[in-house]
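Protein chains in written order, with this note's numbering: chain P, 1 to 273; chain X, 1 to 260.
C-beta atoms are modelled at their ideal positions from N, C-alpha and C, and glycine is treated no differently.
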Amino acid sequence: MIWLGFDIVGKAVFSCILIGVLTGLMGVFVVRMRLSAIGYSMSHGAFAGAALGVATSINPLVSAMLFASFVALIIGPVADKAKLHPDTITSILFPLNMALAFIFLTLTPEIGLTSQVANVLWGSIISITNNDLVYMTTICAFTLSVIYLVWKELFAIMYNRKLAEADGINTRIFIYFIILLSGIVTTLSLKLVGGLLVYALLFNPASTALQFLEDMRKVIIVSPIIGVTTNLLGLVASLYLDIPVGSSIVLVSTIVFALSVLVSPKRRRRMME
Amino acid sequence: MVCIPKMLTIYRFKEAEEMINGKEIIRLENVSTVYEGENRAALRDISLSIKENELVYIIGPNASGKTTLLETINGLLNPFKGSIFVSGLNIKKHGRYLRTEIGYVPQDFMVEPGEPYLAHDVVVMGRYGKMGVLNKPSKRDREKAHNTMKMLEIDELSNRPMGKLSGGQQQKVMIARALAKEPRILLMDEPFSNLDPESKRKIPELITEIHEKNNLTTIIVTHETHRMIKSCTRALVLDNGRIIADEIPEKSLQTLETYS
């Protein structure tokens, strides 16, 4: 494999690019479909999954992804059954995931939070392996292809779900799919910034792009570019300032968002009005 | 892969049409619904038959069930009792396909000021269901959307974001979206409420023209009874979820006045 010779920085740069594309892309759907709770519920679902993986001697990243995917899969159907917004169900599952994580951790008291489980919560860029990069590349290619293929349907659902349904689109299946994909992308991002900071990766690039653009087709292209740029700037800043990578990326990403709010042409137009 | 189920549905669709001699296009049999999350009835035991090419008004006081009736006809709401047939097919089973043939103008269409969608894209969306999954909008789809916008005199709004349009302009975009679909049935919920006086005169005339030219079965929910389209042949009066009158428009209006 081409990246066998990669050093830590090389892997970090590569993962910053892949995660920037993925979270920047999925963030647009999460913001537009108002799935704000998905970030923290998925990351804590992944945390519970990682704890279960350690307790049962399974690769924590694999168990984290499986657990988060399971949580993501049940959100949509439960929300439809309960006639509640998926965000409400996500918020209910969040403490449940934490409770399960603590129970799983008690199964391996000798390892506890000092283990690789903690990497899921805090992030650890140096622990990114070649296998992780393979997962990220695969999911990135899959996500880009599928979104290209069903963009028309997602475009209409993001505008107005009820109207999309009235036009004959099966909105339910696409929303479940976006929730599932968001769960997988969140889990993949955990090693970069950790579960406590991953929301910034999902929300900031999309929200920044929406400050400037009035055409959703441009937003979906610019948001991943912002994601990649802020991730790389954050990585560079962390190397120069000797601060944790995750925190550095979140700081840069938040500063970029704050600046975009200040210089947004939308804001200027509103002030003129 | 995508085409086979669609072909089967079209076959069933044609077969069903023959069964009902191609005349009755909508039939409701003892339909009752409740408001979501409540036990209160929204529609009570409604039976109704609408023929092809009819233009029907639905009038009645607030919360009488007018919007619920429209959304039940196009299968967006499921009744807890009774059946709905559109072109002879049960909407519960074939709703997704049938909705590609039904144009719908909703009552609540206003978007937030920052909405990042261009008006032309929103009109093209009306054709998405017809295109089928995985297919991209063709040149013809875009042209159809453009021509419909031109017909409604909103083609200059094509590249403007929806959030920047006035309520009346947004309503015209919604009408264009429904018409661009080239539907067989058009359901409109208070479609003229936000229009300026000139458009309130012009758009109903246009709907009349399209209705007559395309044999379009049209159902319009409205409060503005003084603006009824001339070619309207029938008006239903709804109150408390029941049809209390189903007559020619003039008589229905009298019933509505007497009742209220």
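Partners in chain P for residue i, counting only beta-carbon separations shorter than 8 Å
| i | result |
| --- | --- |
| R40(X) | The premise fails here: R40(X) is roughly 15 Å from chain P at the closest Cβ pair, so nothing lies under 8 Å. |
| R99(X) | E165, A166, D167, G168 |
| M125(X) | F155, A156, Y159, L163, A164, D167 |
| P137(X) | K152 |
| L76(X) | K162, E165, A166 |
| V122(X) | Y159 |
| P106(X) | K162, L163, A166 |
For residue i: DSSP bridge partner residues
| i | result |
| --- | --- |
| N39(X) | Its beta-bridge partners do not exist; DSSP assigns none. |
| I103(P) | Paired residue(s): none; I103(P) is not in a bridge. |
| M188(X) | V105(X), I220(X) |
| L52(P) | According to DSSP, L52(P) bridges with nothing at all. |
DSSP-derived helix/strand/coil call for residue i
| i | result |
| --- | --- |
| F212(P) | helix |
| I244(X) | strand |
| P86(P) | helix |
| P204(X) | helix |
| I255(P) | helix |
| V31(X) | strand |
| A37(P) | coil |
| I74(P) | helix |
| T218(X) | strand |
| P197(X) | helix |
| R99(X) | helix |
| V245(P) | helix |
| D45(X) | strand |
| L134(X) | coil |
| M125(X) | helix |
| G114(X) | coil |
| K51(X) | strand |
| N231(P) | helix |
| V261(P) | helix |
| L133(P) | helix |
| P161(X) | strand |
| P205(P) | helix |
| L197(P) | coil |
| N21(X) | Only weak support exists for where N21(X) lies, its pLDDT of 49 falling under 50; the coordinates are left without a value. |
| I58(P) | coil |
| E156(X) | helix |
| I26(X) | strand |
| N90(X) | strand |
| I58(X) | strand |
| S231(X) | coil |
| D80(P) | helix |
| N78(X) | coil |
| C3(X) | For C3(X), the predicted structure reports a pLDDT of 46, less than 50, and the residue's modelled location is therefore unreliable. The matter cannot be settled from this model. |
| W3(P) | In this predicted model, W3(P) has a pLDDT of only 46, less than 50, meaning its place in the structure is not dependable; the value taken from the coordinates is given anyway. Helix at W3(P). |
| G45(P) | helix |
| S91(P) | helix |
| T143(P) | helix |
Listed by chain order, chain X residues near residue i by CB distance under 7 Å
| i | result |
| --- | --- |
| D215(P) | P116, L118 |
Neighbour list for residue i in chain P, Cβ cutoff strictly below 9 Å
| i | result |
| --- | --- |
| Y128(X) | K152, E153, F155, A156, A164, D167, G168, I169 |
| R96(X) | E165, G168, I169, N170 |
| P183(X) | Those within 9 Å of P183(X) in chain P number zero; the least Cβ separation is about 10 Å. |
| P161(X) | E214, D215 |
Neighbouring residues, chain X, relative to residue i (Cβ below 9 Å)
| i | result |
| --- | --- |
| L149(P) | V133, L134 |
| L210(P) | G114, P116 |
Partners in chain X for residue i, counting only beta-carbon separations shorter than 8 Å
| i | result |
| --- | --- |
| V219(P) | P116 |
Enclosing alpha helix (DSSP H) for residue i [first to last residue]
| i | result |
| --- | --- |
| Y159(P) | 151-159 |
| G352(P) | This structure leaves residue 352(P) out entirely; chain P is present only between 1 and 273. |
| T68(X) | 66-73 |
| G168(X) | 167-180 |
For residue i, the first and last residue of its enclosing beta strand (DSSP E)
| i | result |
| --- | --- |
| N147(X) | Note, N147(X): premise wrong, no beta strand (DSSP E); alpha helix (DSSP H) at 139-151. |
| I175(P) | Element bounds for I175(P): not the beta strand (DSSP E) but the alpha helix (DSSP H), 171-193. |
| A235(X) | 234-239 |
| I84(X) | 81-86 |
Chain B contact for residue i (CB, 7 Å cutoff)
| i | result |
| --- | --- |
| P191(X) | Looking for chain B here will not work: the only protein chains present are P and X. |
>> Closer than 9 Å between beta carbons: that is the criterion. Which residues of the stretch 156-190 of chain P meet it against chain X?
In response: For the stretch 156-190 of chain P, the beta-carbon criterion of a distance under 9 Å to any beta-carbon of chain X is satisfied by A156, M158, Y159, N160, K162, L163, A164, E165, A166, D167, G168, I169, N170.
> What are the residues of the stretch 56-72 of chain X that lie near chain P, defined by any Cβ-Cβ distance shorter than 9 Å?
Replying inline: Residues of the stretch 56-72 of chain X that bring their beta carbon within less than 9 Å of a beta carbon in chain P comprise E71, in sequence order.
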